Amino acid sequence: MSAGSRSGWYGMRMLDARTQVLLSREQRERLERLAAERGVSVGALIREAIDRYLPPRSRSPEEALAAIRHLSLPVDDWERIEAEIIRGATP
Numbered sequence: 251m252s253a254g255s256r257s258g259w260y261g262m263r264m265l266d267a268r269t270q271v272l273l274s275r276e277q278r279e280r281l282e283r284l285a286a287e288r289g290v291s292v293g294a295l296i297r298e299a300i301d302r303y304l305p306p307r308s309r310s311p312e313e314a315l316a317a318i319r320h321l322s323l324p325v326d327d328w329e330r331i332e333a334e335i336i337r338g339a340t341p
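In our numbering, the protein residues as written are 251 to 341.
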């Protein structure tokens with residue numbers, strides 16, 4: 251199977267490209283520590299960093315809400331917060 255034909259899920263987006271990146275030992279160790287602290291993979295951290303660095307793309311309200319749901323946010327009443335998000339995202 252070629253790298254371009256592999257697929258999986260990251261949030262609501264399908265992964266379809268595999269990329270190799272060389273990191274310094276210090277960069278890799280820092281990523282591993284942060285990943286362990288957050289309970290995610292190093293790959294997930296790298297994808298998140300890329301998403302934060304690149305200009306945002308246009309998202310549908312459903313995609314935006316799904317992305318927000320995947321964040322680790324300190325909210326005490328998710329239903330109330332979700333209603334506010336939907337109210338603000340819809341005309």
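Yeah, the Cβ is synthetic: ideal placement off N, Cα and C, and Gly gets one too. Keep in mind it's a predicted model, so treat the numbers as computed, not measured.
Residue i: first and last residue of the uninterrupted alpha helix (DSSP H) it sits in
| i | result |
| --- | --- |
| L284 | R275 to R288 |
| R337 | W328 to A339 |
Between the CA atoms of residue j and residue i - distance to the nearest angstrom
| i | j | result |
| --- | --- | --- |
| R278 | R268 | 18 angstroms |
| I318 | A294 | 15 angstroms |
| S274 | R280 | 10 angstroms |
| L272 | I300 | 15 angstroms |
| R297 | S308 | 18 angstroms |
| P311 | I335 | 9 angstroms |
| P306 | E313 | 13 angstroms |
Three-way DSSP call (helix, strand, coil) for residue i in this model
| i | result |
| --- | --- |
| R307 | coil |
| V271 | coil |
| L295 | helix |
| D266 | coil |
| L321 | coil |
Short Cβ contact (8 angstroms threshold) for residue i with residue j
| i | j | result |
| --- | --- | --- |
| L315 | A339 | yes |
| V290 | E282 | no |
Exposed unless 16 or more other CB atoms sit within 10 angstroms - verdict on residue i
| i | result |
| --- | --- |
| D327 | exposed |
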